[in-house]
Amino acid sequence: MPATQIVFVGHHKERLIESIRALREYPVTKIILAVGQQDSSGEKKARKIAEELKNELKTVFDVEIVEIDKKNVMNAALQLVELINAEKDKGNEIILNVSGSLRTFAIAAYIAGCVTGSKIITSIPRYDENENEVGIEEIVEVPILPVNFPGKEQLEIMSAVNSGVESLDDLVFKLNPGIKKDSKEFKSERSRLSHHLAKLEEAGFVRREKIGRNVRIEPTGLGKIVMGVFTCQASSSRT
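This is the structure:
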(Lines of atoms letter the chains of each structure in order from A and count residues from 1; the text may use other names and numbers.)
(Lines give C-alpha, C1' and ligand atoms only; values in the text may rest on other atoms or scores of the structure.)
Protein backbone atom coordinates (compact mmCIF):
# COMPACT_ATOMS: atom_id res chain seq x y z
CA MET A 1 0.00 0.00 0.00
CA PRO A 2 1.42 3.45 -0.90
CA ALA A 3 2.06 5.77 2.01
CA THR A 4 1.67 9.48 2.64
CA GLN A 5 4.03 11.06 5.13
CA ILE A 6 2.73 14.15 6.94
CA VAL A 7 5.76 16.11 8.11
CA PHE A 8 5.45 18.97 10.62
CA VAL A 9 7.91 21.68 9.71
CA GLY A 10 9.85 23.55 12.37
CA HIS A 11 13.34 25.07 12.20
CA HIS A 12 15.42 21.86 11.90
CA LYS A 13 15.62 21.29 8.16
CA GLU A 14 18.40 18.67 8.13
CA ARG A 15 16.67 16.65 10.84
CA LEU A 16 13.50 16.58 8.77
CA ILE A 17 15.28 15.56 5.57
CA GLU A 18 17.12 12.74 7.34
CA SER A 19 13.94 11.51 9.02
CA ILE A 20 12.08 11.48 5.67
CA ARG A 21 14.88 9.57 3.98
CA ALA A 22 15.26 7.16 6.90
CA LEU A 23 11.77 5.69 6.31
CA ARG A 24 12.87 3.62 3.33
CA GLU A 25 10.96 0.58 4.59
CA TYR A 26 7.67 2.31 3.72
CA PRO A 27 6.57 2.92 0.10
CA VAL A 28 6.15 6.68 0.62
CA THR A 29 4.95 8.36 -2.56
CA LYS A 30 3.61 11.62 -1.14
CA ILE A 31 4.92 14.16 1.38
CA ILE A 32 2.61 16.70 3.01
CA LEU A 33 4.52 19.50 4.74
CA ALA A 34 2.48 21.08 7.56
CA VAL A 35 3.16 24.64 8.65
CA GLY A 36 1.28 26.98 10.99
CA GLN A 37 -1.75 28.97 9.85
CA GLN A 38 -1.01 31.88 12.15
CA ASP A 39 1.76 34.37 11.51
CA SER A 40 4.37 34.55 14.24
CA SER A 41 8.01 35.45 14.71
CA GLY A 42 9.13 31.89 13.93
CA GLU A 43 6.60 30.90 11.29
CA LYS A 44 8.25 32.87 8.50
CA LYS A 45 11.36 30.71 8.89
CA ALA A 46 9.31 27.50 9.04
CA ARG A 47 7.47 28.40 5.81
CA LYS A 48 10.78 29.21 4.10
CA ILE A 49 12.13 25.80 5.14
CA ALA A 50 8.93 24.13 3.89
CA GLU A 51 9.39 25.74 0.46
CA GLU A 52 13.04 24.64 0.38
CA LEU A 53 12.04 21.09 1.33
CA LYS A 54 9.35 21.04 -1.34
CA ASN A 55 11.85 22.05 -4.02
CA GLU A 56 14.37 19.45 -2.87
CA LEU A 57 11.89 16.58 -2.52
CA LYS A 58 9.59 17.13 -5.51
CA THR A 59 11.89 15.19 -7.87
CA VAL A 60 11.20 12.03 -5.84
CA PHE A 61 7.83 12.60 -4.14
CA ASP A 62 4.50 14.27 -4.77
CA VAL A 63 4.83 17.21 -2.34
CA GLU A 64 2.33 19.73 -1.03
CA ILE A 65 2.27 22.29 1.77
CA VAL A 66 -0.74 22.68 4.08
CA GLU A 67 -1.48 25.12 6.89
CA ILE A 68 -2.59 23.82 10.29
CA ASP A 69 -3.81 25.73 13.34
CA LYS A 70 -0.79 25.87 15.65
CA LYS A 71 -2.52 27.56 18.60
CA ASN A 72 -5.69 25.52 19.08
CA VAL A 73 -4.64 21.89 19.59
CA MET A 74 -8.12 20.36 19.17
CA ASN A 75 -8.81 22.35 16.01
CA ALA A 76 -5.42 21.26 14.65
CA ALA A 77 -6.23 17.63 15.48
CA LEU A 78 -9.57 17.94 13.65
CA GLN A 79 -7.82 19.43 10.59
CA LEU A 80 -5.35 16.54 10.66
CA VAL A 81 -8.12 13.93 10.93
CA GLU A 82 -9.78 15.43 7.85
CA LEU A 83 -6.43 15.40 6.02
CA ILE A 84 -5.74 11.80 7.06
CA ASN A 85 -9.23 10.70 6.02
CA ALA A 86 -8.78 12.28 2.58
CA GLU A 87 -5.50 10.40 2.07
CA LYS A 88 -6.96 7.12 3.33
CA ASP A 89 -9.85 7.51 0.89
CA LYS A 90 -7.21 7.47 -1.86
CA GLY A 91 -5.88 4.17 -0.51
CA ASN A 92 -2.80 5.59 1.21
CA GLU A 93 -1.33 4.52 4.54
CA ILE A 94 -0.48 7.46 6.82
CA ILE A 95 2.74 8.22 8.67
CA LEU A 96 2.85 11.27 10.95
CA ASN A 97 6.42 12.55 11.23
CA VAL A 98 6.79 14.80 14.29
CA SER A 99 10.61 14.87 14.24
CA GLY A 100 10.83 18.64 13.89
CA SER A 101 7.42 19.80 15.06
CA LEU A 102 6.30 22.39 17.57
CA ARG A 103 4.90 20.97 20.81
CA THR A 104 1.33 21.94 19.88
CA PHE A 105 1.70 20.18 16.50
CA ALA A 106 3.12 17.09 18.21
CA ILE A 107 0.16 16.92 20.61
CA ALA A 108 -2.37 17.46 17.80
CA ALA A 109 -0.63 14.80 15.69
CA TYR A 110 -0.75 12.34 18.59
CA ILE A 111 -4.48 12.88 19.11
CA ALA A 112 -5.16 12.51 15.38
CA GLY A 113 -2.92 9.45 15.19
CA CYS A 114 -4.73 7.76 18.07
CA VAL A 115 -8.26 8.31 16.75
CA THR A 116 -7.37 7.30 13.17
CA GLY A 117 -4.94 4.49 14.04
CA SER A 118 -2.14 6.16 12.07
CA LYS A 119 1.56 5.50 12.55
CA ILE A 120 3.51 8.22 14.37
CA ILE A 121 7.29 8.52 14.21
CA THR A 122 9.86 10.89 15.67
CA SER A 123 13.64 11.02 15.72
CA ILE A 124 16.40 11.27 18.29
CA PRO A 125 18.86 14.01 17.27
CA ARG A 126 22.60 13.31 16.98
CA TYR A 127 25.12 15.85 18.34
CA ASP A 128 28.85 16.37 17.79
CA GLU A 129 31.47 16.88 20.49
CA ASN A 130 30.54 20.58 20.68
CA GLU A 131 26.85 19.78 21.30
CA ASN A 132 25.85 20.94 17.83
CA GLU A 133 23.06 18.98 16.17
CA VAL A 134 24.43 17.08 13.19
CA GLY A 135 21.54 14.89 12.09
CA ILE A 136 19.52 12.10 13.62
CA GLU A 137 20.65 9.15 15.68
CA GLU A 138 17.54 6.98 15.48
CA ILE A 139 13.95 6.86 14.21
CA VAL A 140 11.46 5.96 16.95
CA GLU A 141 7.86 4.85 16.44
CA VAL A 142 5.54 6.37 19.03
CA PRO A 143 2.98 3.87 20.37
CA ILE A 144 -0.62 5.06 20.10
CA LEU A 145 -3.33 4.58 22.70
CA PRO A 146 -6.56 2.83 21.71
CA VAL A 147 -9.58 5.15 21.65
CA ASN A 148 -12.82 3.92 23.19
CA PHE A 149 -15.28 5.08 20.53
CA PRO A 150 -18.97 5.59 21.38
CA GLY A 151 -21.36 2.80 20.48
CA LYS A 152 -23.76 2.86 17.52
CA GLU A 153 -26.63 4.50 19.42
CA GLN A 154 -24.37 7.18 20.85
CA LEU A 155 -22.79 7.89 17.46
CA GLU A 156 -26.27 8.38 16.01
CA ILE A 157 -27.05 10.83 18.81
CA MET A 158 -23.79 12.72 18.22
CA SER A 159 -24.57 12.86 14.51
CA ALA A 160 -28.00 14.38 15.30
CA VAL A 161 -26.43 16.87 17.73
CA ASN A 162 -24.12 17.91 14.85
CA SER A 163 -22.88 21.43 15.65
CA GLY A 164 -25.35 21.78 18.53
CA VAL A 165 -29.03 21.71 19.52
CA GLU A 166 -30.82 24.18 21.76
CA SER A 167 -32.49 21.64 24.05
CA LEU A 168 -33.05 17.97 24.75
CA ASP A 169 -36.58 18.27 23.32
CA ASP A 170 -35.13 19.59 20.05
CA LEU A 171 -32.88 16.54 19.90
CA VAL A 172 -35.84 14.22 20.48
CA PHE A 173 -37.74 15.82 17.58
CA LYS A 174 -34.66 15.74 15.36
CA LEU A 175 -34.21 12.01 15.88
CA ASN A 176 -37.94 11.25 15.81
CA PRO A 177 -39.78 13.43 13.28
CA GLY A 178 -43.51 13.38 13.87
CA ILE A 179 -43.36 12.26 17.52
CA LYS A 180 -45.92 13.95 19.79
CA LYS A 181 -44.51 15.82 22.78
CA ASP A 182 -47.05 14.65 25.35
CA SER A 183 -46.92 11.01 24.28
CA LYS A 184 -45.51 8.09 26.23
CA GLU A 185 -43.03 7.50 23.39
CA PHE A 186 -41.72 11.06 23.74
CA LYS A 187 -41.07 10.66 27.47
CA SER A 188 -39.38 7.31 26.91
CA GLU A 189 -37.16 8.69 24.14
CA ARG A 190 -36.28 11.75 26.22
CA SER A 191 -35.19 9.49 29.07
CA ARG A 192 -33.10 7.30 26.70
CA LEU A 193 -31.32 10.29 25.19
CA SER A 194 -30.69 11.87 28.57
CA HIS A 195 -28.99 8.64 29.71
CA HIS A 196 -26.74 8.47 26.63
CA LEU A 197 -25.90 12.17 26.79
CA ALA A 198 -24.74 11.77 30.39
CA LYS A 199 -22.37 9.00 29.24
CA LEU A 200 -21.15 11.07 26.28
CA GLU A 201 -20.56 14.08 28.52
CA GLU A 202 -18.66 11.94 31.02
CA ALA A 203 -16.44 10.63 28.19
CA GLY A 204 -15.76 14.19 27.02
CA PHE A 205 -17.57 13.99 23.66
CA VAL A 206 -20.37 16.51 24.34
CA ARG A 207 -21.02 19.37 26.73
CA ARG A 208 -24.29 20.67 28.13
CA GLU A 209 -24.82 24.31 29.02
CA LYS A 210 -27.88 25.82 30.68
CA ILE A 211 -29.12 28.85 28.75
CA GLY A 212 -32.27 30.33 30.23
CA ARG A 213 -34.81 27.53 30.69
CA ASN A 214 -33.11 25.24 28.17
CA VAL A 215 -29.93 23.17 28.23
CA ARG A 216 -27.93 23.52 25.03
CA ILE A 217 -26.07 20.41 23.84
CA GLU A 218 -23.01 20.67 21.63
CA PRO A 219 -19.99 18.54 20.70
CA THR A 220 -16.60 19.13 22.28
CA GLY A 221 -13.41 19.31 20.25
CA LEU A 222 -12.85 15.61 20.87
CA GLY A 223 -16.44 14.88 19.86
CA LYS A 224 -15.93 16.67 16.54
CA ILE A 225 -12.78 14.64 15.90
CA VAL A 226 -14.52 11.34 16.67
CA MET A 227 -17.42 12.26 14.38
CA GLY A 228 -14.92 13.10 11.65
CA VAL A 229 -13.50 9.58 11.91
CA PHE A 230 -16.98 8.02 12.04
CA THR A 231 -18.12 9.99 8.97
CA CYS A 232 -15.07 8.80 7.03
CA GLN A 233 -15.64 5.16 8.04
CA ALA A 234 -19.32 5.37 7.07
CA SER A 235 -18.42 6.91 3.72
CA SER A 236 -15.80 4.23 3.03
CA SER A 237 -18.24 1.42 3.83
CA ARG A 238 -20.65 2.72 1.17
CA THR A 239 -18.03 2.74 -1.58
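Counting in full-length UniProt numbering, the sequence shown tops out at residue 239, every number present.
Just so you know, even glycine gets a beta-carbon here, dropped at the ideal spot from N, CA and C.
(request) Going by CA-CA distance only, name the one from Met227, Val115, Lys181, Met74 that's closest to Ser163. (result) Met227
(request) Would you decide whether Arg24 is buried or exposed? Buried here means 16 or more other CB atoms lie within 10 Å of its CB. (result) exposed
(message) Could you compute how far the alpha carbon of Asp128 sits from the alpha carbon of Ser101?
(response) 22 Å
(message) For the pair the segment 51-68 and the segment 17-33, tell me if three or more CB-CB distances fall below 8 Å.
(response) yes
(request) Decide yes or no for the touch test of the segment 39-53 against the segment 127-141: beta carbon pairs closer than 8 Å, at least 3 of them. (result) no
(request) Please classify Asn85: is it buried, with 16 or more other beta-carbons within 10 angstroms of its beta-carbon, or exposed? (result) buried
(message) DSSP three-state label for Glu131, please.
(response) coil
(message) With three or more beta-carbon pairs closer than 8 Å as the criterion, would you say the segment 212-227 touches the segment 139-159?
(response) yes
(message) The alpha helix (DSSP H) that contains Lys210, what's its start and end?
(response) No alpha helix (DSSP H) contains Lys210, which is instead part of the beta strand (DSSP E) from 206-211.
(request) Go ahead and label Lys152 buried or exposed: buried means 16 or more other beta carbons lie within 10 angstroms of its beta carbon, across all protein chains shown. (result) exposed
(request) Go ahead and pull the three-state DSSP assignment for Glu141. (result) strand
(request) Return the CA-CA distance between Ala203 and Asp62, expressed in angstroms with no decimal places. (result) 39 Å
(request) Run the proximity test for Lys48: is its beta-carbon closer than 7 Å to any non-hydrogen atom belonging to the ligand GTP? (result) By its list of ligands, the structure shown contains no ligand whatsoever, and the ligand GTP lies outside what it can speak to.
(message) Less than 8 Å between the C-beta atoms of Leu168 and Arg192, yes or no?
(response) no
(message) Using only CA atoms, which one of Phe105, Tyr26, Leu96 lies nearest to Thr116?
(response) Leu96
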